Structure formats: structure tokens, C-alpha cells
Amino acid sequence: MQDLTDSALRERQRVAHLVHGAPRPKHKVTARRKRTKAAAPIQLAPGIEERVQLRERWSHKAQGTPETHEHAAAEARREGALARLHATGAIDAHQMAAAERIAAAHHLITADVAVRTAKLEPRSTGGGPHAASAERIARVILERTYTDWRAACAPHAAMLLAIIVDDMGVTLAARRWRMSNRRASAVLVAALDRWGRR
């Protein structure tokens, strides 16, 4: 009988807090409790308690789900390979920015789905619907710059993309591509400088 009430209580809590989004229940306030300090919050069933805590932790955010905010916070706390190189002084701020632009260009070019937008304001150029827009021209320039950069770094392009895009450590990349750490770092710095000169 104990298991039946525990499972029934857990199911009631699951529906109330996870499905309907009800807040954590509060203790009943009595005259005696007013004089003493506040009691600990009511504990919910395992699995439900963690989800309610997550929702309470991010309740101050107006937009987005608690899961999205938790994921973004975890990503912000995690230092990547390039961030560690920047922190140690192996690469400077300009090289770090170049790495971010390379990663953005790579993701833009290799994306499976492109999001299209429409401008509904009237055109003043008279170019019509097939006229080249600034966004399309910028994308072509970015693709061309990325292609030229990859061609210039051709023998080491796979290693560089593993470090810049896939966040592989320089030591691991050097071992995988059979070169010394010093040489892998020098190739990375030269490639980042090459993007900055474009």
C-alpha cells in the first residue's frame, strides 16, 4: 500500500509541477511559525524536485526556457581550446576574433538549412526581386574569403578546422596529425594571421 501512495503522490506532483507549471507549495503559516524563522522549503519527489529547482533558478528570465538558460550558462562556463590559448597568451585578441569569424563562416557555409528572410518595404533601387542584395553579396564575399583561406592552409586545413570549429585541443590535434605541439601552434597562429590579413 505504501508504494501505491508514493506513486500516486509522485504522479500528482508530476502533473501539478511539470505539466501545469505550479509553483512549489508553501508551508501553512501559523501564529507560532510567524515568530520563528522561516522553515525549509517543501521537498518534492526525486526527479520533480530537480526540475522545479531548475525552473526556480531561471524564473527571473522573461524569455526562453529554463533548460535553454541552463545550457547557455554551462557553455559560458566551459572554456574551449582557443579560449585557453588566449588566456595563456599563445594567441592574441585579433587572432581569437579571426578564429571566431572562421568558425562562423564555416557554420554558415556548411549549414544544412538556410533561413531566408524577406524585406517587405518598397524598393527604391528599381532592382526588382532578383536584384543582388547586400546580404547575398556579403555571403558571397565571406564564402570566397573562406575558400581562399582554406586553399592557402590546404595541407593543414583539416587540423585547423578541428581546432577552430570542433574545439579540439592543440596537443590532441598535434598528436592526431603527427606533428609537435610547437609546430601545430605555429601553424595555427600563422593561419589565424592569414585570415586577419584578408
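If you're matching positions, the sequence shown starts at 46 in the numbering used here and goes up one per residue.
Built from N, CA and C at the ideal position, the CB exists for glycine as well.
Since the model is a prediction, treat every value here as computed from it, not as a measurement.
Environment of residue i [buried if 16+ CB atoms lie within 10 Å]
i: A85; result: exposed
i: M46; result: In this prediction, M46 scores a pLDDT of 38, lower than 50, which makes its location untrustworthy; the coordinate-derived value is nonetheless stated afterwards. Counting Cβ neighbours within 10 Å, M46 comes out exposed, since fewer than 16 surround it.
i: S104; result: exposed
i: H116; result: exposed
i: H62; result: buried
Backbone CA spacing between residue i and residue j [nearest angstrom]
i: A128; j: I93; result: 36 Å
i: A118; j: L89; result: 25 Å
i: S52; j: E95; result: 17 Å
i: G125; j: I208; result: 10 Å
i: A197; j: V215; result: 20 Å
i: A236; j: I147; result: 10 Å
i: E112; j: V97; result: 11 Å
i: R114; j: A107; result: Looking at the sequence itself, residue 114 is His, so the reference to Arg does not match. Cα-Cα distance, rounded: 11 Å.
i: L54; j: E101; result: 21 Å
i: H201; j: I136; result: 18 Å
Residue span of the alpha helix (DSSP H) that contains residue i, given as start and end
i: G241; result: N226 to G241
i: M42; result: One cannot answer for residue 42 here, as it falls past the ends of the chain, which runs 46 to 243.
i: R59; result: R59 -> no alpha helix (DSSP H), and no H or E assigned at all.
i: R129; result: A126 to T133
i: M204; result: A202 to I209
i: A219; result: V215 to R221
Quick check on the DSSP output: what are the complete alpha helix (DSSP H) runs of length 4 or more inside the region 85 to 123, in order along the chain?
Listed in chain order, the complete alpha helix (DSSP H) runs (minimum 4 residues) inside the region 85 to 123 are 93 to 102 and 111 to 122.
Assess contact between the region 222 to 231 and the region 183 to 196, defined as three or more Cβ pairs (one per stretch) separated by less than 8 Å. Is contact present?
Between the region 222 to 231 and the region 183 to 196, the count of Cβ pairs shorter than 8 Å is below three; the stretches do not touch.
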